[in-house]
Structures are given as structure tokens and as C-alpha cells.
Amino acid sequence: MTERSLAAPPRLLGTRLTRRIRSLGGLLASLALTFLGLLCITFLIGRIIPIDPALAIVGDRAPAHVYERVREELGLNLPLWQQFFIYVGQVLRGDFGTSVLTGRPVLEDIARVFPATLELATLGILIGVIFGVPMGVVAAVHRDRWPDQLVRVIGLVGYSVPIFWLGLVGLLVFYAKLGWVGGSGRLDFFHEGIAPSVTGMILIDAAIAGEWDVFRNALHHIVLPAALLGYFSLAYISRMTRSLMLEQLNQEYITTARVKGVSEARVIWVHALRNILVPLITVVALSYASLLEGSVLTETVFAWPGLGRYLTNALLAADMAAVLGATIVVGLVFVGVNLLSDLLYRLVDPRAR
Amino acid sequence: MSETLSTAGWRAWLLSERPQSALQARLGQAWLSWNAFQRNRLAMLGLALILLLVLVAAFAPWISPYEPNVQNLRLRLQPPGAAHWLGTDELGRDILSRIIHGARITLYIVTLVVVIAAPIGLLVGTVAGYFGGWVDAVLMRLTDIFLAFPRLILALAFVAALGPGIDNAVIAIAITAWPAYARVARAETLTLRRSDFIAAVRIQGAGAFRIIGRHIMPLCLPSVIVRVTLDMAGIILTAAGLGFLGLGAQPPAPEWGAMISTGRAYLLDQWWVATIPGLAICLVSLGFNLLGDGLRDLLDPKRRGG
């Protein structure tokens, strides 16, 4: 929010439109700067690894001149800042290098695995919002009484549980003991490859193809990991909703509404809730971004073939091009979601215009 | 009788309206805060959990029933029972003993991360807030960049570069931890910067770094400490996540995350191997969260639980 006030100094001469463009320009510039910083970090990480990329290609028995030639071809003999410029140029052209593990361009790999993450994160955030917002509202209304304490404890447990552990316990109870949900992966083996891949998101693909057996099976598999992610975003969303609601419930317009004889339910769920929607968008966007990028452990536990598992697999195989490529995409997702929520904020909140 | 009299005397001394010394005033304040804190039952529970962790870590060799790394393959995967209260793992090691010794690793990681990250965050935040202008712009842009990565992924990338191991995990987590503290310290500094007493010190001729070090930093400390306490759970979970992925503490170290990871193979038939270390992680991070929540309420009654 400081960003906005810095970027848009009150100017009498500028018309509203130019002011908006100016503030948008400032926002974009700061995002571009952040992204450049991200690249700087990934570049440095790529350079401090103890593995010599040239040595990895030629092997340690190659003669010195071969080694030197490979170093030159990789641009490793250039000064560091020059290497950085080349690196930025490559990334801007979408060239993240080739994965050693899959033998394909990293960008292609990421495009292939990302829909799985998108599907999981979207369902997760839906669960988080559907349960988290009402819980936060109820907690605020019953401040310091048992519903509030209950929501508080549920949230604190969410902040305290290792997600990979909860995933394992969930698999143990709901899959192995009760048989209510499907196991790891996105589908059972015999349902694979039936619905043609259109979006890469199996639920949608199956619905398009009308393969309802596949749809049901996919739902069986996704429900547990999505519920877990939903729980973790719920912890954050309910807590933020509660404090935003508390602020509103003390405002005078709420008293006015009550005095006017508006029903209590309407005061809470319509009048107050409408006024927290704008900051709530930012909260939800932030937790959506963290689900899109942060489900590394969940995907590992559930063998979910998304971005997180791609990253850990690459990591364990020391496949640095893939690791850094995935890291950049993750940073980009964050920057992008931030931009999106900021734009939405401007659209919805008349004061921010 | 004299006992109660003297405690009453102490209380009167602590709550005196006209403290005779700075020490008395400070102790009185601490007493009042402690009284307020004590009334928060959840926060006291958190404090008790943390004290338990510290005690268990301190006395690990004396209270653990077995050696944490001694294998006994004839007793592998024993369910919880009289001889092994929490069962044994796949190499016949006593899980309770490993949990107890694992407390040391957890405490080691948390302490080291805080010792590295908190001063950096405090310094960056106060300097940025005090000087403002381009110094502020540059430093805050830097923290934004670090905050743009989810914590675990940045830590993963650093561990990938530095190599797995507990000390590299500590460095990686510390690198991801300081920006949040810098933000808090900066916000606090911005409100202090324009206050009269800072102006007075400046007029007396104190240099910028003296003002920051002697006058601003001490006042930023409470908020930073609260932020750090609330962050402890995150540090523990990140460390456990790294351990789970095999990038943190290396075997045979009884690190809780790594223990869950090995127990994963036996999840269906020997549930205790994976679930019990997870419970330990939950309890400790819940302890830090409850404590941090209570401290925050204490610091700012306005924001109660918000």
C-alpha cells in the first residue's frame, strides 16, 4: 500500500487518466525490479554450486583444451556481470536450459506439470475460502467466547502441523483404514489416458469428454490433498477475516444500521462483510499464490505430478537448470498474482482509483 | 506468616507509583506484564511446552532410556509397549530416545537461525527506516525480492547449491527469515524517527549509528521478538520439511522430519514410526505459536488475537 502512495503523488495538473497510468507504470516498474532481483538470486545460486558445469559435461579425464573449449562455449570464461546479462536475456526469451533428468527444455517440462498444480491449488483455495471466511466472521461476532477460541485453536493448529505429516496421517486414516479416498497420484492406473488432455486439469478434461467414471476417480484422488491445502489456507484466511471484521464491527455505520432496525444477520453478512471484501481479496490472492508455489511437500507426499514434485525431483538429482527454472516460475507466479490482486483492488475500491 | 508479609512487601515495592530507580520501574513493568500474561491460559500452555522442550534438550542424555543411535535389529519395528514406550524404528532404535535427542537438534536449528537472522533483520530494518530515501528504497526492494519466494522453495534452492546438511539448512533458513524481521523493525522505526526524544538526542550531537544502535534498536526489540516467536514454528516446519526431503540433518541424526521420512515406508503396518515424530513437531510449534500469540496480545492490547 505504501507502494501506491509513493507511486501516485497528488498532482493538480495531471488528469485522472494520466495519474492512473503513472501509478500503474510505477507498479509495473517495481514488479520488473523485483523480478530482476529474483533472477539475480537464481543466477547467484546457480554460480555458487560446487558442481562445475563444464566438468560435468566433459568428465574429469578430458584433456585441458577440451575442457577450456567447453567452458568457452558455456560462456563461463566471461566476467560475471556479462554472464548475468546473457542469463537474463535467455530467461526473457523463455530459454531456461535443458533438464538433465528429462532431456527436454525446462520450460516445456514446467508447462506440462503446471496444470496439475493449478488444479490442486484452485480446489484448495476454494475449500479455504468457503470454510475460512465464515469461520472468521463467526469468530469476530462471538469475540472471546467459545466459537472464537475454537476458530483460534483450529487456526493455530494449522500453523503448527507439518503438512507432509498431516498428509501421511490422512493417507493412513482415510485411504488405508477407511478407504474413503483414492491413494497417491492423480488417477488410478486403469483410468489413465481415457480422457484426452485439453487443459491438463483432469477434472475439467474428464468433464469435457463426458467420462464421468474418470471424473469420479480423479475427484477421489484430489479430495484429500486439496482438503489439506484448504485447511492450511483456511488457517490464514479465517484469522485475517476475523481481524478485518472486528475492525468493521466497531464502525459507526454498523451502529446506524442496527438502529435503523436492520436484522443482525444482515448487518453482519451484508453490511460488514461487503466492506472487508477488498482487503480480503489480497489475503485470498496471497494464499492462492502460496498454494500455487508452495505445495512442494504435499505433492511429494501424494506423488502429485505438479510443479512442486518436479522441483524436488530435480533437486535430488542435482538438475540445476530445472531447479532454477522452476524457482523462477514460482517467483513469477507470486509477482503475477500480486499484480493481479493489486489491479483487482483498484477496480473494486473506489478510494484506490 | 513472615513469608506472606514479605511477598506483600515485594508486591508493594514492584507496584510502587514512584519507583526509586530505573531497575525498580523496569521490574515493576515486568511484573505487571507477567500478571497479564499469566491470565492468558493458552499462552501459559505455550510457555510450558517451550520450557519442556528446553529441559528435555538440556537433559537428553540423562532422561532418555536408551542410546538414540544404537541399533538392535532383533527388536526392529516393535509397537509401543512397556520396554519401548513409543516403539522402535526400522533399525530397532528406541523412538522415545530419538525424539528426546531430536529436541536438541530442533533447539539448535531454531536458536542458530534466530541468532543469525534477527540481528540482520533488525539492522536492515532500522537503517532503512531511519535514513529513508534511497537507502530505504534499496533495502526494502531487497527484502521484497526475498519475500517474493515462498520460504521452503528459497531454502530448497540454497540447500541445493550449498549441499545438504544441518548447518547449510540453518544458513538457508536464516536467509529466508530475516526479511520479515526487517519489515517489522522498519515499521517501528518509522514511528520512532520523528519523536521528540530522538530529536533531542540528535541535537545533543549523537551520530546516526549511535541513535540507531542505542535508542531505536532497543525500542524495536519487543516487536521483533514477538515476530521471531511467531516465526519459530515456521522455522521448525521448514527445517522439518528439509529433513523430510533428505536435505536437512543427515542420518543417523535423530532429526524429527527425517524420522518421519524414514517412517513413511512403514506407514501402513507400523504407524508409530512416522506419526510420533510428527506429534513432537506439532507440540513444539504449537507451543511457540501460543506463546507468540500471547506475547503479541501483551504488547498491543488493541490487536488482541487479530
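Heads up: the protein sequence lines correspond to chains E and G, in order.
For reference, each letter of the first sequence is one residue, going -19 to 333 in our numbering.
For reference, each letter of the second sequence is one residue, going 65 to 370 in our numbering.
The beta carbon of each residue, even a glycine, is placed where N, CA and C say it ideally should be.
- Contacts between residue 17 of chain E and chain G, judged by CB atoms closer than 9 Å, involve 205, 206, 208, 209, 210 and 212 in chain order.
- In this structure, the CA atom of residue 109 of chain G is about 15 Å from the CA atom of residue 297 of chain G.
- Residue pairing from DSSP places residue 85 of chain E in a beta bridge opposite E:78.
- In the DSSP annotation of this structure, residue 141 of chain E is not part of any alpha helix (DSSP H), being labelled neither H nor E.
- Contact annotation for residue 222 of chain G against chain E: 25 [CB-CB distance below 8 Å, chain order].
- Not flagged as an interface residue toward chain E: residue 287 of chain G, since no C-beta distance is shorter than 7 Å.
- Residues of the same chain with a CB within less than 6 Å of the CB of residue 131 of chain E, apart from the 5 flanking positions on each side, are 115, 119 and 218 in chain order.
- Using a 10 angstroms sphere on the CB of residue 197 of chain E, the tally of other CB atoms reaches 16 or more, which defines it as buried.
- Closer than 7 Å to the CB of residue 217 of chain G there is at least one CB belonging to chain E.
- Contact annotation: the stretch 99 to 116 of chain E does not touch the stretch 310 to 327 of chain E, with fewer than three C-beta pairs closer than 8 Å.
- Within 8 Å of the CB of residue 156 of chain E, the CB atoms of chain G belong to 331 and 332, in sequence order along the chain.
- For residue 166 of chain G, the uninterrupted alpha helix (DSSP H) run begins and ends at 159 to 195, by DSSP.
- In the three-state scheme derived from DSSP, where H, G and I count as helix and E and B as strand, residue 179 of chain E is classed as coil.
- For residue 303 of chain G, the enclosing alpha helix (DSSP H) starts and ends at 281 to 308.
- Residues 240 and 302 of the same chain have their beta carbon placed closer than 6 Å to that of residue 215 of chain G, with the five preceding and five following residues left out of the count.
- Residue burial is scored here from C-beta neighbours: residue 90 of chain E has at least 16 other C-beta atoms within 10 angstroms and is therefore classed as buried.
- Residue 152 of chain G is bridged by DSSP to G:158.
- A Cβ of chain G is located within less than 7 Å of the beta carbon of residue 311 of chain E.
- Within the model, the alpha-carbon separation for residue 192 of chain G versus residue 265 of chain G is close to 19 Å.
- In the displayed model, residue 240 of chain E falls within coil according to three-state DSSP, outside both helix and strand.
- Contact of residue 248 of chain E with chain G by beta-carbon distance below 7 Å is absent, the smallest such distance being about 18 Å.
- Residue range 230 to 257 is occupied by the alpha helix (DSSP H) that includes residue 230 of chain G.
- Secondary structure of residue 62 of chain E (DSSP, three-state): helix.
- At least one C-beta of chain G is nearer than 7 Å to the C-beta of residue 142 of chain E.
- DSSP places residue 248 of chain E in no alpha helix (DSSP H); its state is neither H nor E.
- In terms of beta-carbon proximity, residue 262 of chain E stays away from the interface with chain G, with every pair separated by 7 Å or more.
- CA-to-CA, the gap between residue 297 of chain E and residue 254 of chain E works out to about 49 Å.
- Taking residue 334 of chain G as the centre and dropping the five residues before and after it, the same chain places the C-beta of 141 closer than 7 Å to its C-beta, in chain order.
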